[in-house]
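Peer 1: Residue numbering for the sequence shown follows the UniProt record's numbering, starting at 1 and increasing by one per position.
Shown below is the structure under consideration.
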Amino acid sequence: KADLVTYSPVIEKQVGQAITLDDACFATMTTSDNTAANIILSAVGGPKGVTDFLRQIGDKETRLDRIEPDLNEGKLGDLRDTTTPKAIASTLNKFLFGSALSEMNQKKLESWMVNNQVTGNLLRSVLPAGWNIADRSGAGGFGARSITAVVWSEHQAPIIVSIYLAQTQASMAERNDAIVKIGHSIFDVYTSQSR
């Protein structure tokens with residue numbers, strides 16, 4: 001119970017019970033459970049373990065320095081716990097379509113992202129009919145809001161979309177709306193190219 005942190009919708013119901021790493025990954029990826037994320041971080045060598053792995057697969061920008069919920073701060077000029085949309089899109093490409101993960105783990109990651117339960121009001125809300133999406137979002141202090149997704153259809157190859165907002169006074173609802181509008185524009189361009 002001492003390790004329970006804010007926004008832990010799965011783990012708060014399982015305090016005192018054992019949880020597998022697979023279940024912790026599922027909780028983290030589908031509900032953004034912060035305590036589950038910390039369980040995973042502990043198992044992989046903490047923030048340094050994540051950053052070291054990212055360097056091994058060629059991501060020179062993304063870094064993790066703290067655990068949940070502190071890593072969500074987003075303070076101007078603070079390089080801790082940062083990435084860029086380009087870097088994280090490239091890393092997701094390596095995870096899902098490259099050799100950074102085994103085929104089994106690629107399928108698991110895709111499944112967790114497809115079954116994300118917290119992004120329905122973002123890109124999923126303007127996804128063209130018949131398309132698929134696998135996504136992860138983030139939010140934090142100082143106006144931080146983000147989403148990284150892979151979208152595809154039966155007739156369109158997958159594309160990775162990464163949108164990051166920061167240093168804004170906009171409310172969470174306004175930030176969500178900005179992501180929806182940007183996503184809608186991206187999907188309009190992408191679908192018009194496939195006609």
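Beta carbons are placed, not taken as given, at the ideal position from N, Cα and C, and that holds for glycine.
As the structure is a computational prediction, the values presented were derived from the model and not from experiment.
Checking 8 Å against the spacing of the C-beta atoms, do Ala-24 and Asn-72 come in under that value?
Peer 2: no
Peer 1: Can you list, in chain order, the residues of its chain with a C-beta nearer than 7 Å to that of Gln-167? Leave out the 5 residues immediately preceding and following it.
Peer 2: Leu-76, Phe-142, Gly-143
Peer 1: Mind checking whether Trp-131 and Ser-153 have CB atoms under 8 Å apart?
Peer 2: For the 8 Å CB-CB criterion, Trp-131 and Ser-153 form a contact.
Peer 1: Could you tell me the boundaries of the beta strand (DSSP E) in which Asn-72 lies?
Peer 2: DSSP places Asn-72 outside any beta strand (DSSP E), giving it a letter other than H or E.
Peer 1: Identify the continuous beta strand (DSSP E) that holds Asn-132 and give its terminal residues.
Peer 2: Judged by DSSP secondary structure, Asn-132 falls within the beta strand (DSSP E) whose first and last residues are 131-139.
Peer 1: Could you tell me the alpha carbon to alpha carbon distance between Trp-112 and Asp-78, rounded to whole angstroms?
Peer 2: The alpha-carbon of Trp-112 is positioned some 30 Å away from that of Asp-78.
Peer 1: Return the Cβ separation of Leu-64 and Val-50 in integer angstroms, given the expectation that the two are a contact with Cβ distance under 8 Å.
Peer 2: 4 Å
Peer 1: For Arg-175, count neighbouring Cβ atoms within 10 angstroms of its own Cβ and tell me buried if that reaches 16, exposed if not.
Peer 2: Its Cβ being crowded by 16 or more others within 10 Å, Arg-175 is buried.
Peer 1: How big is the Cα-Cα spacing for Ala-37 and Ser-192?
Peer 2: Rounded to the nearest angstrom, the gap between the Cα atoms of Ala-37 and Ser-192 is 38 Å.
Peer 1: Looking only at C-alpha atoms, which of Phe-53, Tyr-164, Arg-145, Pro-69 sits nearest to residue 212?
Peer 2: This structure cannot settle anything about residue 212, because the visible part of the chain is limited to 1 through 195.
Peer 1: CA-CA distance, Tyr-7 and Ser-32?
Peer 2: A direct Cα-to-Cα measurement between Tyr-7 and Ser-32 gives close to 8 Å.
Peer 1: For Gln-56, name the three-state secondary structure that DSSP assigns.
Peer 2: helix
Peer 1: Would you mind working out which of Ala-157, Tyr-164, His-155 sits nearest Arg-145, comparing C-alpha positions?
Peer 2: Nearest C-alpha to Arg-145 among Ala-157, Tyr-164, His-155: Tyr-164.
Peer 1: Can you tell me whether Val-151 is helix, strand or coil according to DSSP?
Peer 2: strand
Peer 1: Let's test the definition: count the other Cβ atoms within 10 Å of the Cβ of Asp-22 and tell me whether it reaches 16, buried, or not, exposed.
Peer 2: exposed
Peer 1: If I'm right that Leu-41 touches Ile-67 with Cβ under 8 Å, what's the distance once you round it to whole angstroms?
Peer 2: 6 Å
Peer 1: Sort out for me which residues DSSP pairs Gln-156 with in a bridge.
Peer 2: Ser-153
Peer 1: Are the beta-carbon atoms belonging to Ile-11 and Thr-35 less than 8 Å from one another?
Peer 2: Yes; because the gap between Cβ atoms is below 8 Å, this pair is in contact.
Peer 1: Can you tell me where the alpha helix (DSSP H) holding Arg-175 begins and where it ends?
Peer 2: Its alpha helix (DSSP H) spans residues 172-193.
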